[in-house]
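Below you'll find the structure, written out as structure tokens, and then a few comments.
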Amino acid sequence: MSTSSSTVHRGPAAAAERVLAPDLARGFMLLLIALANSVIYMHGFDAAVRSHPLDGTVVDRAVNLVLILLVDHRAYPMFAFLFGYGIVQMLGRQQRAGTAAAEAFRLLRRRNLWILVFGAFHGLLLFSGDILGAYGLCGLLIGWLFIRCHDRVLVQLAGVFFAVTAAFYALNALAATLLEYMDGAGVAEETAGVSGLPSLGIEEPLGALLARLWEWPVGTIGSVLMGVLTPMLLGVLAARHRVLEEPERHGRTLWRTVVIGAPVSLLGGLPLALAGAGAFPVSLSQEMWLTTLHTLSGLGGGLAFAALFGIIGGRLRGRPGLVGTALAATGRRSLTCYLAQSLVFVPLLAAWGLGLGGRLDSAAMAALAVGVWALTVVASVLMERADLRGPAEALLRGRVYRD
Numbered sequence: 001m002s003t004s005s006s007t008v009h010r011g012p013a014a015a016a017e018r019v020l021a022p023d024l025a026r027g028f029m030l031l032l033i034a035l036a037n038s039v040i041y042m043h044g045f046d047a048a049v050r051s052h053p054l055d056g057t058v059v060d061r062a063v064n065l066v067l068i069l070l071v072d073h074r075a076y077p078m079f080a081f082l083f084g085y086g087i088v089q090m091l092g093r094q095q096r097a098g099t100a101a102a103e104a105f106r107l108l109r110r111r112n113l114w115i116l117v118f119g120a121f122h123g124l125l126l127f128s129g130d131i132l133g134a135y136g137l138c139g140l141l142i143g144w145l146f147i148r149c150h151d152r153v154l155v156q157l158a159g160v161f162f163a164v165t166a167a168f169y170a171l172n173a174l175a176a177t178l179l180e181y182m183d184g185a186g187v188a189e190e191t192a193g194v195s196g197l198p199s200l201g202i203e204e205p206l207g208a209l210l211a212r213l214w215e216w217p218v219g220t221i222g223s224v225l226m227g228v229l230t231p232m233l234l235g236v237l238a239a240r241h242r243v244l245e246e247p248e249r250h251g252r253t254l255w256r257t258v259v260i261g262a263p264v265s266l267l268g269g270l271p272l273a274l275a276g277a278g279a280f281p282v283s284l285s286q287e288m289w290l291t292t293l294h295t296l297s298g299l300g301g302g303l304a305f306a307a308l309f310g311i312i313g314g315r316l317r318g319r320p321g322l323v324g325t326a327l328a329a330t331g332r333r334s335l336t337c338y339l340a341q342s343l344v345f346v347p348l349l350a351a352w353g354l355g356l357g358g359r360l361d362s363a364a365m366a367a368l369a370v371g372v373w374a375l376t377v378v379a380s381v382l383m384e385r386a387d388l389r390g391p392a393e394a395l396l397r398g399r400v401y402r403d
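Be aware that the sequence shown starts at 1, since it is given in UniProt numbering, and climbs by one per residue.
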């Protein structure tokens with residue numbers, strides 16, 4: 001029985017083929033995502049800055065400072081960069097195996113479509129702050145429109161999408177300023193005590209489900225328009241030049257990214273972080289302007305994190321050690337670990353579950369996030385030793401690579 005060459009393809013990357021740096025970065029990134037997402041579950045507070053309650057202890061406010069400065073809007077640009085990087089890695093593996101170009105792109109479309117489906121189930125059933133839907137949608141757009149673009153065009157497109165993001169946040173801040181001018185403190189008072197996602201503060205399961213039915217699609221489209229494409233396109237560009245696979249060749253680029261990106265991120269995030277720590281009061285419009293600066297500078301932080309792990313991965317190659325091995329094992333199962341976080345967080349923290357999101361303070365919530373991430377690391381190490389893929393990875397790859 002013969003098989004058409006147009007439908008012949010190779011399977012997913014074997015463990016020995018995987019590059020250490022992206023897996024290290026993904027493993028660490030999941031800690032940042034757990035910390036960032038845990039804040040969204042908090043509800044019932046008197047006042048907050050970007051969902052970080054202001055009515056806690058000194059320790060709670062210190063936690064707010066650290067999370068806003070180092071985590072919020074820094075983890076997801078890093079995630080998007082690595083996702084874009086993975087798109088090129090997948091196509092490269094197929095091309096090196098002799099897969100026809102049409103078949104390789106068909107696999108890419110199928111993979112991103114299934115990631116979008118995973119995101120829909122995750123967002124509608126559990127956590128409407130899901131990012132998989134936006135990444136799957138962006139992956140489809142990149143495979144359809146941008147993957148063949150010249151390097152210079154990719155840089156220009158990344159700049160255009162960054163400008164769109166900047167304009168969106170600036171217009172939101174301007175609208176808040178005008179509303180505040182016309183309505184006084186009314187707008188700010190209406191937002192007090194509300195979770196970052198209203199569905200998480202609803203006690204009735206059906207009501208929460210109905211809220212997620214609009215939260216997830218609106219959030220998914222908003223994420224596509226508000227910054228995901230810029231780091232993802234930069235990830236595509238970096239992967240073309242094998243920046244993370246060959247850090248010794250790109251050391252200057254990696255270090256330059258860290259040296260420039262980290263200060264930009266810290267300086268841009270510091271005003272909002274200080275406000276979140278209660279150092280000075282801010283109105284809603286002032287918070288929105290600080291959020292604009294914080295979000296835009298977060299791209300530098302996300303890229304700096306990715307570059308730093310490229311440097312670390314190059315130095316640990318062949319001898320990752322206990323911590324590196326554990327992080328890499330977690331990174332290889334990033335989809336499973338990401339979904340597992342919601343499987344733990346939602347029943348514990350959502351108002352329609354145990355409702356702990358309305359009772360835990362910032363420090364306790366951060367400790368819970370670290371604990372949940374640590375459990376996924378332990379589970380990943382055990383699966384690595386048993387030579388098992390993560391359940392979500394196995395399901396996704398079964399759908400993508402089926403004949």
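Where a beta carbon is used, it is the ideal one built from N, C-alpha and C, also for glycine. The structure displayed is predicted, hence computed values, not measured ones.
Sequence ranges, alpha helix (DSSP H) only - wholly within the region 150-188, length at least 4
151-183
Give me the Cβ distance between Asp151 and Leu237, rounded to the nearest whole Å; I'm assuming they're in contact under 8 Å.
Locating residue 151 in the sequence shown gives position 151, where the first residue counts as 1. Locating residue 237 in the sequence shown gives position 237, where the first residue counts as 1. At roughly 6 Å, the Cβ-Cβ gap stays under 8 Å, so Asp151 and Leu237 are in contact.
Is DSSP giving Leu198 helix, strand or coil here?
Against the sequence shown, residue 198 aligns to sequence position 198. Reading off the sequence shown, one finds Pro at residue 198, where the question assumed Leu. Correct three-state label for Pro198: helix.
In the structure shown, what three-state DSSP assignment does Val381 receive?
Here residue 381 refers to the residue found at position 381 when the sequence shown is read from its first residue. Three-state DSSP puts Val381 in a helix.
If you pair each beta-carbon of the region 286-294 with each one of the region 207-226, do three or more pairs fall below 8 Å?
no
Can you give the Cα-Cα distance for Gly219 and Leu197, rounded to whole angstroms?
Start at 1 with the first residue of the sequence shown, and residue 219 comes out as number 219. Start at 1 with the first residue of the sequence shown, and residue 197 comes out as number 197. Going by the C-alpha atoms only, they are around 10 Å apart.
Spatially closest choice to Val63 from Leu274, Phe118, Leu395, Val117, by CA coordinates:
Position 63 of the sequence shown, counted from the start, is the residue given in the question as residue 63. The residue with the shortest Cα to Cα distance from Val63 is Leu274.
Could you spell out where the alpha helix (DSSP H) holding Glu103 opens and where it closes?
Position 103 of the sequence shown, counted from the first residue, corresponds to residue 103. Its alpha helix (DSSP H) spans residues 101-125.
Beta-carbon within less than 7 Å of Pro391's beta-carbon, same chain only, minus the 5 sequence neighbours each way: which residues are those?
As a working note, residue 391 is residue 391 in the sequence shown. Cβ within range, chain order: Thr336.
Determine the DSSP secondary structure at Ala277, reduced to helix, strand or coil.
Counting from one through the sequence shown, the residue named residue 277 turns up at place 277. Coil at Ala277, not helix or strand.
In the DSSP output, what is Ala48 paired with across the bridge?
Reading the sequence shown from its first residue, position 48 is the one you call residue 48. In DSSP, Ala48 forms a bridge with Pro53.
Three-way DSSP call (helix, strand, coil) for Leu388 in this model
Position 388 of the sequence shown, counted from the start, is the residue given in the question as residue 388. If DSSP states are grouped into helix, strand and coil, Leu388 belongs with coil.
With DSSP as the reference, label Ile147 as helix, strand or coil.
One-based indexing of the sequence shown puts residue 147 at position 147. Ile147: coil per DSSP, three-state reduction.
Apart from the five residues just before and just after Phe81, which ones in its own chain have a Cβ nearer than 8 Å to its Cβ?
Stepping through the sequence shown from its first residue, residue 81 is reached at position 81. Only Pro231, Met232, Leu234, Gly235, Ala238, Gly302, Leu303, Ala306 meet the Cβ criterion.
Tell me which residues share the same chain as Gly261 and place their Cβ nearer than 6 Å to its Cβ, disregarding the 5 neighbours each side in the sequence.
Mapped onto the sequence shown, residue 261 falls at position 261. Around Gly261: Gly300, Leu303, Ala304.
Just mark Tyr280 as buried or exposed, buried being the case when its beta carbon has 16 or more other beta carbons within 10 Å.
Within the sequence shown, residue 280 is the residue found at index 280, counting from 1. Just to set this straight, residue 280 is Phe in the shown sequence, not Tyr. Classification of Phe280: exposed, given that the 10 Å Cβ count is below 16.
Can you list, in chain order, the residues of its chain whose CB lies under 7 Å from that of Ala394, leaving out five sequence neighbours each side?
The residue labelled residue 394 in the question sits at position 394 within the sequence shown. Cβ neighbours of Ala394 beyond the five flanking positions: none.
Length of the line joining the Cα atoms of Arg389 and Arg333
On the sequence shown, residue 389 is found 389 positions in, with the first residue counted as 1. On the sequence shown, residue 333 is found 333 positions in, with the first residue counted as 1. Cα-Cα distance, rounded: 7 Å.
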